[in-house]
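Enquirer: Numbering (full-length UniProt numbering), first residue to last: 1 to 373.
Note that CB positions come from ideal geometry on N, CA and C, so glycine has one too.
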């Protein structure tokens, strides 16, 4: 069910050719400083633009959300999909241990925003498989090969899908420890999956990697208000890759692969980004009660997508027994970064004994950083 299809005024409000407005090589920024006359003109144009956005918001240009439909069957684990209660098929990938090596643990991995499970599992998860970890990952609704690509499904739907996947994997592998890993947006989904209304039984451990714990309070009321105005006036506005200059990893091959992958999302709808912010805010609000299972948070000191300076306060609000591993040379995509081998070895060690010191020493670094004033 599409809960918020745009009214006609919203569909006509912006020509298709104007939906990619960010500064990029195809749309460069004006060179040099503006003259006083140009500055006054720009202020007038911005004033008219903001007035226009406000009028569009009043006209009812709501963000588009496509949540799960009514339940028509029991969720099921198919060979190539998680079959949700509404019948939606969420594309499923897995990374198996080598032939002849029986799995010693099962891991459900939740990918991040604009990524998909097939791409997510290509790098550091190979080392986990070599050690006997069987990893499953599915494409969230709105991403990859799952339904309604590019459209936001809502945080309740994302959390319910993850909770259903946890239950199905527990049923499929009853004798093995089950772990839940979320990267970036996936970490926020993981928190909601074990704390929300549709929460599954807790896994044996949780790994929150480069967690997206931005909250409304963290971005401030002005930025939140501007974001709301855009999402409710031009919800289909799409920001292309040139919209930002933030580097997610030092692995250029992985970044290049992401940019060429037809299933990764390159142009992000503003209403999807607004939905992501709501998801992160909701997850951050639940951190105080999360997480009952042993939990390891993994963070790169060079992360600029989910900046440590922003997430530090959120991490301090988690249970005292939660551990933080901080990697000085780590970026946002830790299992794809140059530190991926160290990250994988730390994950394997922690799975075996959550109380043991990590081989890399990143947990000692994390504890010291978290204790800083």
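1. For residue 141, which of 106, 119, 103 and 91 has the nearest alpha-carbon?
2. To the nearest angstrom, how far is the alpha carbon of residue 373 from that of residue 134?
3. May I have the straight-line CA-CA distance separating residue 88 from residue 147, to the nearest angstrom?
4. What is the residue span of the beta strand (DSSP E) that residue 355 lies within?
5. Only counting the same chain, and skipping five residues up and downstream in sequence, which positions put a Cβ closer than 7 angstroms to that of residue 356?
6. To the nearest angstrom, report how far apart residue 234 and residue 303 are at their CA atoms.
7. Pop quiz: residue 326 and residue 344 are said to be a contact at Cβ under 8 angstroms. What is the actual Cβ separation, rounded to whole angstroms?
8. Am I right that residue 322 and residue 116 are in contact with their C-beta atoms under 8 angstroms? What's the rounded C-beta distance?
9. Suppose you measure from the CA of residue 181 to the CA of residue 187; what does that come to, to the nearest Å?
10. Under a three-way DSSP split, which group does residue 183 fall into?
11. Does the stretch 99-117 touch the stretch 154-171, meaning 3 or more C-beta pairs lie closer than 8 angstroms?
12. Leaving aside the five residues before and after residue 71 along the sequence, list all residues of the same chain whose C-beta is less than 7 angstroms from its C-beta, in chain order.
13. Threshold first: 3 residues or longer. Then list the beta strand (DSSP E) segments lying entirely within the stretch 66-121, N to C.
14. So what's residue 58 in DSSP terms, helix, strand or just coil?
15. Assign residue 184 to one of two classes, buried (16 or more other C-beta atoms within 10 Å of its C-beta) or exposed (fewer than that).
16. So, for residue 360: in the same chain, excluding its five sequence neighbours on each side, which residues have a beta-carbon less than 6 angstroms away from its beta-carbon?
17. Just verifying my parser: in three-state terms, what is the DSSP assignment at residue 297?
18. Just the Cα atoms here: how many angstroms apart are residue 258 and residue 248?
19. Under a three-way DSSP split, which group does residue 189 fall into?
20. Is the Cβ of residue 276 closer than 7 angstroms to any Cβ of chain B?
21. Strictly by DSSP, which residues pair up with residue 280?
22. Taking the CB atoms as reference points, tell me whether residue 162 and residue 193 lie closer together than 7 angstroms.
23. What residue from 106, 137 and 228 has the CA that sits closest to residue 93's CA?
24. Less than 7 angstroms between C-beta atoms, sequence neighbours within five positions excluded: which residues of the same chain meet that for residue 284?
25. So, at 6 angstroms on beta carbons, what are the nonlocal neighbours of residue 101 in its own chain, with the 5 sequence-adjacent residues on each side left out?
26. In its own chain, which residues sit with a C-beta less than 6 angstroms from the C-beta of residue 82, not counting the 5 before and 5 after it?
27. Could you tell me the distance, in whole angstroms, from the CA atom of residue 251 to the CA atom of residue 371?
28. State the Cα-Cα distance for the pair residue 354 and residue 292, rounded to the nearest angstrom.
29. Taking the alpha carbon of residue 195 as the reference point, which residue from 173, 278, 290 and 276 has its own alpha carbon closest?
30. For residue 131, which of helix, strand or coil comes out of DSSP?
31. Does at least one heavy atom of the ligand ZN sit under 6 angstroms from the Cβ of residue 273?
32. With DSSP collapsed to three states, give me the class of residue 376.
Expert: For this structure:
1. If you number the chain shown from 1, residue 141 lands on position 141. Nearest option by C-alpha distance: 91.
2. As a first step, residue 373 is located in the chain shown; it is residue number 373 there, counting from the start. As a first step, residue 134 is located in the chain shown; it is residue number 134 there, counting from the start. Taking the straight line from one Cα to the other gives about 40 angstroms.
3. Counted from its first residue, the chain shown places residue 88 at position 88. Counted from its first residue, the chain shown places residue 147 at position 147. Answer to the nearest angstrom: the Cα atoms are 7 angstroms apart.
4. Residue mapping note: residue 355 aligns to position 355 of the chain shown, counting from 1. Looking at the DSSP string, residue 355 is not in any beta strand (DSSP E), and its letter there is neither H nor E.
5. Here residue 356 refers to the residue found at position 356 of the chain shown. Taken in chain order, the residues that qualify are 349.
6. Here residue 234 is taken as the residue at index 234 of the chain shown, counted from 1. Here residue 303 is taken as the residue at index 303 of the chain shown, counted from 1. Going from the Cα of residue 234 to the Cα of residue 303 covers about 29 angstroms.
7. As a first step, residue 326 is located in the chain shown; it is residue number 326 there, counting from the start. As a first step, residue 344 is located in the chain shown; it is residue number 344 there, counting from the start. Incorrect: roughly 16 angstroms between the Cβ atoms, too far for contact.
8. The residue given as residue 322 occupies position 322 in the chain shown. The residue given as residue 116 occupies position 116 in the chain shown. Not a contact, Cβ separation roughly 28 angstroms.
9. Counting from 1 along the chain shown, the entry for residue 181 is found at position 181. Counting from 1 along the chain shown, the entry for residue 187 is found at position 187. So the alpha carbons of these two residues sit roughly 7 angstroms apart.
10. On the chain shown, residue 183 is found 183 positions in, with the first residue counted as 1. In this structure, residue 183 counts as strand in the three-state DSSP scheme.
11. yes
12. Within the chain shown, residue 71 is the residue found at index 71, counting from 1. If we look at residue 71 and ignore the five residues flanking it on each side, its Cβ neighbours are 85 and 86.
13. 81-83, 89-95 and 105-110
14. Translated into the one-based positions of the chain shown, residue 58 becomes position 58. Low confidence applies to residue 58: its pLDDT is 47, below 50, so where it sits in the model is not reliable, and the reading given next is rough at best. It is helical.
15. Along the chain shown, read from residue 1 onward, the residue named residue 184 stands at position 184. Flag for residue 184 reads buried.
16. Reading the chain shown from its first residue, position 360 is the one you call residue 360. The answer, listed in chain order, is 342 and 346.
17. Numbered from 1 along the chain shown, position 297 holds the residue referred to as residue 297. Correct three-state label for residue 297: strand.
18. Taking the chain shown and counting its residues from 1, one reaches residue 258 at position 258. Taking the chain shown and counting its residues from 1, one reaches residue 248 at position 248. For residue 258 and residue 248, the distance between alpha carbons rounds to 11 angstroms.
19. For the purposes of this step, residue 189 is taken as the residue at position 189 of the chain shown. Three-state result, residue 189: helix.
20. No chain B is present in this structure, which holds just one protein chain.
21. Locating residue 280 in the chain shown gives position 280, where the first residue counts as 1. The partner list for residue 280 (beta bridge, DSSP) is empty, contrary to what the question assumes.
22. Within the chain shown, the letter at position 162 stands for residue 162. Within the chain shown, the letter at position 193 stands for residue 193. Contact flag set, yes.
23. For this step, residue 93 is matched to residue 93 along the chain shown. Nearest of 106, 137 and 228 to residue 93, Cα basis: 137.
24. Indexing the chain shown from 1 puts residue 284 at position 284. These residues qualify, in order along the chain: 213, 215 and 314.
25. What you label residue 101 is simply residue 101 of the chain shown in a count that begins at 1. Result list for residue 101: 132, in chain order.
26. As a working mapping, residue 82 is identified with position 82 in the chain shown. So the list reads 90, 92, 138 and 165, once near-sequence residues are dropped.
27. What you label residue 251 is simply residue 251 of the chain shown in a count that begins at 1. What you label residue 371 is simply residue 371 of the chain shown in a count that begins at 1. Rounded to whole angstroms, residue 251 to residue 371 spans 30 angstroms at the Cα level.
28. Locating residue 354 in the chain shown gives position 354, where the first residue counts as 1. Locating residue 292 in the chain shown gives position 292, where the first residue counts as 1. Near 13 angstroms, if we compare the C-alpha coordinates of residue 292 and residue 354.
29. As a working note, residue 195 is residue 195 in the chain shown. When only C-alpha atoms are compared, the closest one is 290.
30. To locate residue 131, count along the chain shown from 1; it is residue 131. The answer is coil: DSSP assigns residue 131 none of H, G, I, E or B.
31. The ligand ZN is not part of the structure shown, which contains no ligands of any sort.
32. With the chain covering 1 to 373 only, the question about residue 376 has no answer from this structure.
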